[in-house]
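Asks: Counting from 897, one number per residue, gives the positions in the sequence shown under the working numbering.
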Amino acid sequence: MNYLVNQELTMTDLKSFIETNQISQRELAEGVGISAAGVSWILSGKNNPSKESIDAILTFCRKHDPDVTYEDLFGEPHQKAS
């Protein structure tokens, strides 16, 4: 599942999800396969996640909540890449 990345994603919902589920930034980084600094940059809005990172974030978060959606984490409807 690939998504087009909107250049103005806000990470408020992703931050809220990891706080609610008591997931540390380090745990997210290890689960997604990116650096802790990369997670920090994504959560602060300094860097938008790649399509691959979005897929990995969704997969990781679904281990904690199988029903979580792109919209739940990133706060806006997604567009599937063709």
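Glycine included, C-beta positions come from ideal geometry on N, C-alpha and C.
Measure the C-alpha to C-alpha separation of Met897 and Lys947 and round it to an integer number of angstroms.
Replies: Residue confidence for Met897 is low, a pLDDT of 48 falling below 50, so the modelled location carries little weight and cannot support an answer.
Asks: Could you compute how far the alpha carbon of Tyr966 sits from the alpha carbon of Asp951?
Replies: Using only the alpha carbons, I get a separation of about 9 Å.
Asks: Can you round the beta-carbon distance between Gln921 and Ala932 to whole angstroms, since I take them to be within the 8 Å contact cut?
Replies: With 8 Å as the limit, Gln921 and Ala932 qualify as a contact, their Cβ atoms being about 6 Å apart.
Asks: Lys942 by DSSP, collapsed to three states: which one?
Replies: Residue state, collapsed to three classes: coil.
Asks: Does DSSP put Asp963 in a helix, a strand or coil?
Replies: Three-state DSSP puts Asp963 in coil, outside helix and strand.
Asks: According to the Cβ coordinates, are Val928 and Phe956 closer than 8 Å?
Replies: Contact flag set, yes.
Asks: Please report how far the alpha carbon of Leu969 lies from the alpha carbon of Arg958, in whole angstroms.
Replies: Their backbone Cα atoms lie some 11 Å apart in a straight line.
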